[in-house]
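Chemist: Quick one: the structure is below, and I'll ask about it shortly.
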């Protein structure tokens, strides 16, 4: 994780076809402009011959972003890089979509309020009213958008409008329990994060805890993933499990599942916000 | 686990429809015959109204097995119990079926040799020759039974004969990699144990580590279960997972999977041998 | 865990010297009065020859508590039992003591509010004002009691008065960071619960995360225990760890530590509230 | 882990005072000589301003080791680097010291024989005879060196001679249970590996499982560390824990401890053999 003493100013993230000399070229360009590497991770997927890199650049006041970017753009074009550079202190704007269940939302709001989650939360959208008081106590606007079976299209257009008006960088489905329409999955590709209340690819779909109980599993889990148009099949960011046994009934599994869902979602979101997650195809590289 | 200082002589295992007073009736009968309860577990499945109990009975020399059994048989009949009583020092006879991979077999043999696994191993059967030396060094007979694609029926008849001649109580598939014919699944119901090289119900079938690698999962696991005619769907005895990340290639996943397979199988077998596993329908109660 | 469908009315907890027939005698008495055992756990510590039992008794409307207790008192006296019987629906009154750090308190309040923690919280006491708003939003009275270095005696007398006025059954130190005076440790023996921000017995005392960082450990943890006059040495209720590595600085360890502290404390408190924790000497038996 | 498809030829490991541009300088030198980076990790300890790097270099046939080393030596001297470059296929020679307990030794020998542990094992030394047959079945010479209380100095001189004659790169104490004399700790600094049968720094010294049992802990663990003259205080390579409860007696703790000891030792040794462990002061950086 980032060292607060280490003057990390910018986070540079790169993904491109692999070829020799990429680490040297990138780090050379950083050094040439007076930047230091407070953190530097890279990975080569040898199967797909693809290169991934994440650098936290320090070095104030010598390092000048604009001059660096001008030169780096040439390196990027030569190597067909997808890349981004962001100020480490610049917080992403995260809109959270929730439904009736409170556990993931409460966990995210607590972490945000205590300064533990580096983002802004411009608003929370929900198709139920029950969480309004909790959200508003945190000083965050709450938007109630019912999603009736016969008016889903209009509801999601409404939600999309809210997300856009708040300039969301990332959208989090904190147990939203609604299938996102394909156009939103595409529009927010790799920045729409879901927590699946199961250990994917097990127990896909509804009522996973009931299914897990009936199957007599000894572990239950949760999966945090990016949403794609292929339901429950998007790139996995983080997973975890908790041990259960025969003495736990379905309600116990639900309760234990809530804890693992909350912690997996908050970890996955943290990795995303710190630009630690690089997506390629249907897989992620997570530099943590 | 059983206390060596606690003079546990017999293990009494019971499964029956639930009704009030069962614990009192069973423990009263034990006490009436001078038995002590070195260990006693019970569980009621309230959904199916089913009762499970396991008692480790001590109390030598007062406790007389025959007199106890005579009286207990009446209780059992009244309550429609399935039950068994075994001497705690009497070791089950476990025939192990293996294929080419050595890790689960080596682990079981080591634990057996070091006195850590309370069973006898009258022989190992394999459809490959490569593990003969390791098995024979342990002083255990090794039977080579090829299982050709066009002669499976004969091969399995051969294997069944070996299992029967050795009076096996339990059969363990230590990465045997062959689908057991339905008649053997039925014949050895609840005493035929498999280790599935995956975290069931994920990645059912062949090449689970390849599938896990392609899916980019963050955890891989293994499942120990009783074999039924419904492939990979038998009652689960034990499961575990190990954390992986993008830096692990398919070979790493296989290597890490070997460790979790070995440990899950040996734990599951231990529970079975100590009569800690009670099966009801497609689920287990594991008193550990 | 308790089955909501299983009509558990009373929780009966027993601790006494071991002798043959105890399970039979206790369960016989329950059955004789028309009670059913929704759950029943027992354990014998063979080293100390001590017996522990916990029963969740159902069976309404036949089971009559008073008649049962009258008969059971005779059994208890004969066997030198410590015992208690409580209504399963009767919630304990838990007073929480906190200091400046919010994570454990926020976690407990959230679980309480969402109905996940079976207790009442009559008030929160803190030696800082900063958590007042969070506590009061939950509808719980907040008492500010400064604990100055030169006025500790008076402060703790004040706190003791508050605890007593609220008829607390249990007191939780949710990162209270003050050493409890011996008289309170004794007065609230086995009902004063602390979360130690370390993996006891490692790193006893102050600044454990700094020590863990300097030592380069690969795991950090937390311990929930009953408070005794012997600092940090009381009976352990629950422990857990989280994996760390060289890339985590001291602040990361503190952050990760907060999560494991919160979850270990809430688990430990749940076990306590459900009467799953039996103390004998300096050890616990936890029937979960 | 290293990718077998990725033609990693050399492993380059670097440790030096931090300054800007180190990643660029090192990776530039590799690229300049036609090397590719199959894997590349680095870490800066900002507290001590120290830089660590590990590169797996591919790029045959262009990459020439000698030419690279000639140039790199200049970089190393300028930056006060400690560094090494080794052929990735060149196996270290590991001498194992064991005592009476077999579990760690058996696990290491199995992994070595199955090709899972990239090293040669020229011999095993023990102060007991009981493990001779197991070692010799693996085709490895076994040296019996008794270590009597009154002749320790001579015994360790004997052991040192054996280690030296076999040109050991690394020495592993697989539950050797003898305190190494200071001169050997110094001579084999950062290449003498121990498994401590406890979760350091808890329960230092003898009988840790007895102590853990008496303390009633809910987790037991093991620590793999480099041996220094400061007993049990050397740099930690790897740790893990396993959950226990009141039902486990001391023998159970010993049995469960054996498993966690074996797996922690083999993981720690693997990291060491793959040059993933860099020591600085009393801490390690483990690039895995």
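Protein chains in written order, with our numbering: chain A, 50 to 337; chain B, 50 to 337; chain C, 50 to 337; chain D, 50 to 337.
From the three backbone atoms N, C-alpha and C, an ideal C-beta is built for every residue, glycine too.
Just so you know, these numbers come straight off a predicted model, no measurement behind them.
1) Hey, how far is the Cα of residue 68 (chain D) from the Cα of residue 83 (chain A)?
2) If we count the other Cβ atoms within 10 Å of its Cβ and call it buried at 16 or more, is residue 93 (chain B) buried or exposed?
3) Does the CB of residue 346 (chain D) have a neighbour CB from chain B at under 8 Å?
4) Any C-beta of chain A within less than 9 Å: which residues of the stretch 286-303 of chain B qualify?
5) In chain D, which residues lie less than 7 Å from residue 256 (chain C) when you measure between Cβ atoms?
6) What does residue 334 (chain D) reach in chain C if we use C-beta pairs closer than 7 Å?
7) By DSSP's criteria, residue 196 (chain B) is part of a beta bridge. Which residues make up the other side?
8) Just mark residue 53 (chain A) as buried or exposed, buried being the case when its beta carbon has 16 or more other beta carbons within 10 Å.
9) What in chain A is Cβ-close to residue 159 (chain C), meaning under 7 Å?
10) Among B:168, B:145 and B:213, whose alpha-carbon lies nearest the alpha-carbon of residue 181 (chain B)?
11) What residue range does the beta strand (DSSP E) around residue 241 (chain B) cover?
12) What does DSSP give as the partner residue(s) for residue 95 (chain C) in the beta ladder?
13) Compile a chain-ordered list of the residues in the stretch 141-154 of chain B whose CB is closer than 8 Å to at least one CB of chain D.
14) Is the beta carbon of residue 270 (chain D) closer than 8 Å to that of residue 220 (chain D)?
15) Find out if the Cβ-Cβ distance for the pair residue 222 (chain C), residue 208 (chain C) is shorter than 8 Å.
16) Pick out the complete beta strand (DSSP E) segments inside the stretch 76-147 of chain B, 3 residues or longer, and give them in chain order.
17) Roughly how many whole angstroms lie between the Cα atoms of residue 165 (chain C) and residue 320 (chain A)?
18) Can you name the start and end residues of the alpha helix (DSSP H) that residue 306 (chain D) belongs to?
19) Against chain C, which members of the stretch 309-321 of chain A pass a CB distance test of less than 7 Å?
20) Taking only the alpha-carbon atoms, compute the straight-line gap between residue 325 (chain D) and residue 100 (chain C) and give it to the nearest angstrom.
21) Quick one: what's got a C-beta closer than 8 Å to residue 156 (chain C)'s C-beta in the same chain, skipping five residues either side?
22) Please confirm whether residue 325 (chain C) has its beta-carbon closer than 8 Å to some beta-carbon of chain B.
23) Anything in chain B within Cβ reach of residue 235 (chain C), meaning under 8 Å, just list it in chain order.
24) Is the Cβ-Cβ distance between residue 194 (chain D) and residue 169 (chain D) less than 8 Å?
25) State the DSSP-derived secondary structure class of residue 68 (chain A), mapped to helix, strand or coil.
26) State the start and end residues of the unbroken alpha helix (DSSP H) segment that holds residue 289 (chain C).
27) Between residue 58 (chain A) and residue 124 (chain A), how many whole angstroms is the CB-CB distance? I'm expecting something under 8 Å.
28) If you run the structure through DSSP and keep just helix, strand and coil, what is residue 296 (chain B)?
29) Of the residues that make up the stretch 75-88 of chain B, which ones have a beta carbon closer than 9 Å to any beta carbon in chain C?
30) Note down, in chain order, each residue of its chain lying with its Cβ closer than 7 Å to the Cβ of residue 50 (chain D), except the 5 sequence neighbours on either side.
31) Going by DSSP, which residues form a beta bridge with residue 326 (chain C)?
32) Let's see if you can read the secondary structure: which residues bound the beta strand (DSSP E) around residue 272 (chain A)?
33) Name the two residues that bound the continuous beta strand (DSSP E) containing residue 219 (chain A).
34) Compute the Euclidean distance between the alpha carbons of residue 128 (chain D) and residue 275 (chain C), then round it to the nearest angstrom.
35) Since residue 266 (chain C) meets chain D, which of its residues come closer than 7 Å, beta carbon to beta carbon?
36) Compare the C-beta of residue 137 (chain B) against all C-beta atoms of chain D and say whether one is closer than 8 Å.
Modeler: Working from what's here:
1) The count along the fourth chain starts at 1 and reaches residue 68 (chain D) at position 19. The count along the first chain starts at 1 and reaches residue 83 (chain A) at position 34. Rounded to the nearest angstrom, the two C-alpha atoms are 11 Å apart.
2) As a position in the second chain, residue 93 (chain B) is number 44, starting the count at 1. Per the 10 Å Cβ criterion, buried.
3) As shown, chain D starts at 50 and ends at 337. That puts residue 346 (chain D) outside it, with no answer to give.
4) 286, 287, 288, 289, 290, 292, 294, 295, 296, 298 and 299
5) Locating residue 256 (chain C) in the third chain gives position 207, counting from the first residue. Per Cβ cutoff of 7 Å: no residues; residue 256 (chain C) is ~14 Å from chain D at best.
6) Along the fourth chain, one-based indexing puts residue 334 (chain D) at 285. Those are 295, listed as they occur along chain C.
7) Taking the first residue of the second chain as 1, we reach residue 196 (chain B) at position 147. None; residue 196 (chain B) has no bridge partner.
8) Stepping through the first chain from its first residue, residue 53 (chain A) is reached at position 4. Confidence in residue 53 (chain A) is poor, its pLDDT being 41 and thus under 50, which makes the residue's placement unreliable; the coordinate value appears in the next sentence. By the neighbour-count rule (16 or more Cβ atoms within 10 Å), residue 53 (chain A) is not buried but exposed.
9) Sequence index remark: in the third chain, residue 159 (chain C) carries index 110 (1-based). The contacting residues are 155.
10) One-based indexing of the second chain puts residue 181 (chain B) at position 132. For residue 181 (chain B), the closest of B:168, B:145 and B:213 by C-alpha to C-alpha distance is B:145.
11) Here residue 241 (chain B) refers to the residue found at position 192 of the second chain. 241-245 is the extent of the beta strand (DSSP E) around residue 241 (chain B).
12) The count along the third chain starts at 1 and reaches residue 95 (chain C) at position 46. Looking at the DSSP output, residue 95 (chain C) bridges to nothing.
13) 151 and 152
14) What you label residue 220 (chain D) is simply residue 171 of the fourth chain in a count that begins at 1. What you label residue 270 (chain D) is simply residue 221 of the fourth chain in a count that begins at 1. Not a contact, by the Cβ cut-off of 8 Å.
15) What you label residue 222 (chain C) is simply residue 173 of the third chain in a count that begins at 1. What you label residue 208 (chain C) is simply residue 159 of the third chain in a count that begins at 1. No, these two residues do not count as a Cβ contact at 8 Å.
16) 85-94, 99-107, 131-136 and 141-147
17) For the purposes of this step, residue 165 (chain C) is taken as residue 116 along the third chain, with counting starting at 1. For the purposes of this step, residue 320 (chain A) is taken as residue 271 along the first chain, with counting starting at 1. Spanning the two alpha carbons is a distance of roughly 29 Å.
18) Within the fourth chain, numbered from 1, the residue matching residue 306 (chain D) stands at position 257. Where residue 306 (chain D) is concerned, the enclosing alpha helix (DSSP H) stretches over 299-322.
19) 312
20) Start at 1 with the first residue of the fourth chain, and residue 325 (chain D) comes out as number 276. Start at 1 with the first residue of the third chain, and residue 100 (chain C) comes out as number 51. Straight-line Cα distance between these residues: approximately 50 Å.
21) If you number the third chain from 1, residue 156 (chain C) lands on position 107. Hits under 8 Å: 311, 312, 314 and 315.
22) On the third chain, residue 325 (chain C) is found 276 positions in, with the first residue counted as 1. Answer no: the Cβ-Cβ gap between residue 325 (chain C) and chain B never drops below 8 Å.
23) Within the third chain, the letter at position 186 stands for residue 235 (chain C). None at all; the shortest Cβ gap to chain B is about 33 Å.
24) As a working note, residue 194 (chain D) is residue 145 in the fourth chain. As a working note, residue 169 (chain D) is residue 120 in the fourth chain. Against a cut-off of 8 Å, the Cβ pair of residue 169 (chain D) and residue 194 (chain D) comes out as no contact.
25) The count along the first chain starts at 1 and reaches residue 68 (chain A) at position 19. Coil.
26) Residue mapping note: residue 289 (chain C) aligns to position 240 of the third chain, counting from 1. That residue, residue 289 (chain C), is in no alpha helix (DSSP H); its beta strand (DSSP E) goes 285-292.
27) Taking the first residue of the first chain as 1, we reach residue 58 (chain A) at position 9. Taking the first residue of the first chain as 1, we reach residue 124 (chain A) at position 75. Wrong, their Cβ atoms sit about 19 Å apart, outside the cutoff.
28) Taking the first residue of the second chain as position 1, residue 296 (chain B) is located at position 247. It is coil, neither helix nor strand.
29) Flagged, chain order: 75, 76, 77, 78, 79, 80, 81, 83, 84, 85, 86, 87 and 88.
30) Residue 50 (chain D) sits at position 1 when you count from the first residue of the fourth chain. Because residue 50 (chain D) carries a pLDDT of 42, less than 50, the predicted location of this residue cannot be relied on, and the following value inherits that uncertainty. Counting only Cβ-Cβ distances below 7 Å, and skipping sequence neighbours, we find nothing.
31) Working through the third chain from its first residue, we reach residue 326 (chain C) at position 277. Residue 326 (chain C) pairs with C:335.
32) Here residue 272 (chain A) refers to the residue found at position 223 of the first chain. First-last of the beta strand (DSSP E) with residue 272 (chain A): 268-275.
33) As a first step, residue 219 (chain A) is located in the first chain; it is residue number 170 there, counting from the start. Here the beta strand (DSSP E) through residue 219 (chain A) covers 219-223.
34) For the purposes of this step, residue 128 (chain D) is taken as the residue at position 79 of the fourth chain. For the purposes of this step, residue 275 (chain C) is taken as the residue at position 226 of the third chain. So the alpha carbons of these two residues sit roughly 53 Å apart.
35) Here residue 266 (chain C) refers to the residue found at position 217 of the third chain. Near residue 266 (chain C) (Cβ distances below 7 Å), the residues of chain D are 285 and 288.
36) The residue given as residue 137 (chain B) occupies position 88 in the second chain. Answer no: the Cβ-Cβ gap between residue 137 (chain B) and chain D never drops below 8 Å.
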